[in-house]
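Numbering (the working numbering), first residue to last: 82 to 466. This report refers to the structure that appears directly beneath it.
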Ligand SMILES: Cc1ncc(COP(=O)(O)O)c(C=O)c1O
């Protein structure tokens, strides 16, 4: 796959490429600028060429294919009967909040957080509590377990929404961290809804561990949401997977969504099947390309953008840039948009800990990344003159 090939995405109904004026390089929303694996494109062509698009059902072998993928990639082997499909992860966790949160219970999640984590409890009328990730002296992010447990006790927490790998910090939580989280949740009967959408994008020797794979008791207390959407760049198709091993939870989730939220459409599931079946080699190349982008970004920040700090993300194609030293006005997102013509995500949208941060998506061609960084460096330099 030629990841260097620049694709024109304007006029393709891409949310990323049409939010800002034409002269802005958009490195914000989390999809990539690469074509999907050819096996995915071919499978979609074949299905479209058939020409009949009546009501679909998930491909009969899809659950088996998903399970084999999870075993191959994460050493996790749920049963095919524990697999169901949802049209997007955001839908999946919004449903979970509504299906499982009892009156008076609250939802807990770590911050900075993917903005829809705030929206899910808010729109369901459920209170939420945030557990800020702590920063080590090297800028790394860690969970404050004592605070986590105290909040669970004090705030009547009923559900913990875990994000692993974590958006926006890029943390890939270790087995030790996940085990502690799972133990605390089990001890206090807090259900875990684990958003693992970025599960495939991990670097170096980091390994994604689905929290439900720790042991059967944890699995029975967990709803896991994952998808081929980020990995194979098919986010616009909304094919996502829910894994629920506890039959009572599965029934409750299924009853709640029944008639409200259907499964992903037949093209979405066609693409998901092809990705999970034939995507491994492509993914390997993608990870090498993204990792090199990450290194290029680290080096360029250090040499050309003094004052912008980033702790090397362990996973995801998202960089969480700390601009607090620079006092960029009115905030870094607006500063880089106005003066560099680069479109980033505003850190404050991820919670108060994100003030004066921006999120940069490096899932793009090196040349695009290089140009964006050049523009950002020039904007900073001009400001100091
Ligand atoms: C942590 C996380 N969850 C969910 C999503 C979006 O999921 P979907 O588009 O399938 O609803 C994103 C997209 O950026 C994300 O980063």
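Ideal placement from N, C-alpha and C gives every residue a C-beta, glycine not left out. These numbers come from a predicted model, not from an experiment.
Residue i Cβ short of 6 angstroms to ligand 1 heavy atom set
| i | result |
| --- | --- |
| residue 169 | yes |
| residue 244 | yes |
| residue 195 | yes |
| residue 278 | yes |
| residue 321 | yes |
| residue 442 | no |
| residue 204 | no |
| residue 248 | yes |
| residue 95 | no |
| residue 111 | yes |
| residue 119 | no |
| residue 316 | yes |
| residue 437 | no |
| residue 165 | no |
| residue 343 | no |
| residue 275 | no |
| residue 218 | no |
| residue 310 | yes |
Residue i - partner residues in DSSP beta bridges
| i | result |
| --- | --- |
| residue 192 | 213 |
| residue 98 | Per DSSP, none; premise fails for residue 98. |
| residue 306 | 276 and 323 |
| residue 223 | 215 |
| residue 106 | 423 |
Alpha-carbon spacing of residue i relative to residue j, whole angstroms
| i | j | result |
| --- | --- | --- |
| residue 443 | residue 314 | 13 angstroms |
| residue 324 | residue 210 | 25 angstroms |
| residue 153 | residue 347 | 25 angstroms |
| residue 291 | residue 155 | 7 angstroms |
| residue 263 | residue 189 | 13 angstroms |
| residue 146 | residue 345 | 16 angstroms |
| residue 83 | residue 127 | 23 angstroms |
| residue 129 | residue 392 | 44 angstroms |
| residue 220 | residue 192 | 15 angstroms |
| residue 449 | residue 273 | 38 angstroms |
| residue 462 | residue 131 | 56 angstroms |
Burial state of residue i, where buried means 16 or more other Cβ atoms lie within 10 Å
| i | result |
| --- | --- |
| residue 218 | exposed |
| residue 215 | exposed |
| residue 341 | exposed |
| residue 288 | exposed |
| residue 240 | buried |
| residue 160 | exposed |
| residue 247 | buried |
Legend entry - beta strand (DSSP E) segments (min. 3 residues) lying fully within the stretch 314-353: 321-325
Inset, instruction - Quick one: which unbroken beta strand (DSSP E) runs of 3-plus residues sit fully inside the stretch 232-282? Chain order, please. - result: 238-244 and 272-276
Legend entry - Inside the stretch 380-461 only - alpha helix (DSSP H) runs reaching at least 4 residues: 413-421
Inset, instruction - Return the chain-ordered ranges of every alpha helix (DSSP H) run that is complete within the stretch 156-203 and spans a minimum of 4 residues. - result: 170-181
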